[in-house]
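*Asks:*
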Amino acid sequence: MRGQADFAAAFGMDFMTELFDRNAALYLADHLEKYILDAGKRENALEKINALLEKSQGGSSIRVAYVKAAKADEKGRWFAKTPGAMQGMNRRVRQTICNGLWIDLDFVNCHPVLLSQKCKDLLRIDCPFLDKYINSRDEMLQEMVDAGVQSRSEAKKSILKVLNGGCVPNVDTPWWKDLCTEFRTLACQVATHPDHKAFLDNCRTEKGSYNLHARTMSAVLCSVENKCLEQLYSFLKDHDCVPGGKCSLIFDGMMIPDTPSIREKVSSDGFLDAASRHIHQVTGYCVAITIKEFDEAFELPDDYADTVTDMFVIYQGEDRKA
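Spelled out as structure tokens, the structure:
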């Protein structure tokens, strides 16, 4: 991992501050078996929650450091280095302990959108099935569900898995095989373009020839995504939306404090469009930005805060209070 000096150069600070609902985290830590049935996922989520509680030292915030993977050669994503950071938290857990504290801003359909622009602006090739997915995503996902895919979420995962070179069972739609063929072709074209030689070499050094073209394309898209993310942060900072360094980077989006003034600002007509224009002016890429609601948060009892307060008093001598 590359050091924090690179992060400071990009963001003007060494750390970001993440807020969370400590009572909700404490409650989930004691009742997670009610919410996550899969034992492996539950164990992983509990480990992250406990790391967050320990790192926060009895408070409701942590400082998070970010670094880049050495293999990315300064071109990849920012990864949260701090244990318990929101970036690595189970999505539903994160939404539960962040609800009411954060506004979640996401790039819409990020990698497919960036790939389409790569195809047109750099490679000068058509990508009709990718463009169809971008422009008619809901309809295509519904077709997949109608063809037997378990859910819209699973259909979306299948599309992205194929885009990243993974194997997915055949889906009985008129366009599925053509889409898979097109995605393989695009991966080869992107990976072997002279502008992406450094990415190709890095991916080959890391894991050899296995899924090389798709891995390289993913690395290229992650790099572009990260540049867009940095410019979104710059725009938000210039508009006083990240006070005191309170921000959480989550790859294709970020969370910023949910205060009345910030909520009013980012929800106002044209604000997120202006952010997209700024990103385009600096990076050359167009990405739409949306506010993603915390609609998958676990439903906690109305009195959960009172319950964990009593428990916290009982166990205040234990590590749980740290």
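For what it's worth, the working numbering labels the leading residue of the sequence shown as 4, then goes sequentially. Note that CB positions come from ideal geometry on N, CA and C, so glycine has one too. No experiment lies behind these values; they were computed from the predicted model shown.
Classify Q319 as buried or exposed, calling it buried when 16 or more other Cβ atoms lie within 10 Å of its own Cβ.
*Replies:* Low per-residue confidence applies at Q319: pLDDT is 45, beneath 50, and the placement is therefore not dependable, though the value from the model is reported in the following sentence. When all chains shown are included, Q319 counts as exposed.
*Asks:* R323 by DSSP, collapsed to three states: which one?
*Replies:* Confidence at R323 is low in this model, with a pLDDT of 43, below 50, so the placement of that residue is unreliable and no value is reported for it.
*Asks:* What is the DSSP secondary structure of E233, reduced to helix, strand or coil?
*Replies:* Here E233 sits in helix by DSSP.
*Asks:* Does L40 pass the burial test, meaning 16 or more other C-beta atoms within 10 Å, or should it be called exposed?
*Replies:* With fewer than 16 Cβ atoms within 10 Å of its Cβ, L40 is classed as exposed.
*Asks:* Exposed or buried, R280, counting other C-beta atoms within 10 Å across all chains shown (16 or more means buried)?
*Replies:* exposed
*Asks:* Looking only at its chain, what residues have a beta carbon closer than 6 Å to the beta carbon of W81, apart from the 5 residues adjacent to it on each side?
*Replies:* Taken in chain order, the residues that qualify are Y69, L252.
*Asks:* Ends of the beta strand (DSSP E) at P304?
*Replies:* It is not in any beta strand (DSSP E) - P304 carries neither H nor E in the DSSP assignment.
*Asks:* Can you tell me where the alpha helix (DSSP H) holding E267 begins and where it ends?
*Replies:* 263 to 270
*Asks:* Hey, L203 and T219: beta-carbon distance below 7 Å or not?
*Replies:* yes
*Asks:* Would the beta-carbon of K58 be found less than 6 Å away from any heavy atom of the ligand COA?
*Replies:* With respect to the ligand COA, the structure offers nothing, as it holds no ligand at all.
*Asks:* For a cutoff of 7 Å on Cβ pairs, would you count S271 as touching chain C?
*Replies:* Chain labels in this structure do not include chain C; a single protein chain is all it has.
*Asks:* Indicate whether D109 and K295 have their beta-carbon atoms separated by less than 7 Å.
*Replies:* Yes, Cβ-Cβ distance for D109 and K295 is below 7 Å.
*Asks:* From D261, K78, G168, Y236, pick the residue whose C-alpha is nearest to that of M16; which is it?
*Replies:* Y236
*Asks:* If distances are taken between C-alpha atoms only, which option among N112, K78, E21 comes closest to P246?
*Replies:* E21
*Asks:* Mind checking Q234: buried by the 16 CB within 10 Å criterion, or exposed?
*Replies:* So Q234 counts as buried.
*Asks:* Given a threshold of 16 other Cβ atoms within 10 Å of its Cβ, counted over all protein chains shown, does C3 qualify as buried or as exposed?
*Replies:* The question about residue 3 has no answer here: the residues shown for the chain are numbered 4 through 325.
*Asks:* With DSSP as the reference, label S48 as helix, strand or coil.
*Replies:* For the sequence presented, residue 48 should be read as Ala rather than Ser. Of the three classes helix, strand and coil, the one that applies to A48 here is helix, per DSSP.
*Asks:* What do you get for T184, buried or exposed, if any count of 16 or more other CB atoms within 10 angstroms of its CB means buried?
*Replies:* exposed
*Asks:* I need the straight-line Cα distance from K200 to G91, nearest angstrom please.
*Replies:* 30 Å
*Asks:* Are the CB atoms of V67 and A88 within a distance shorter than 7 Å?
*Replies:* yes
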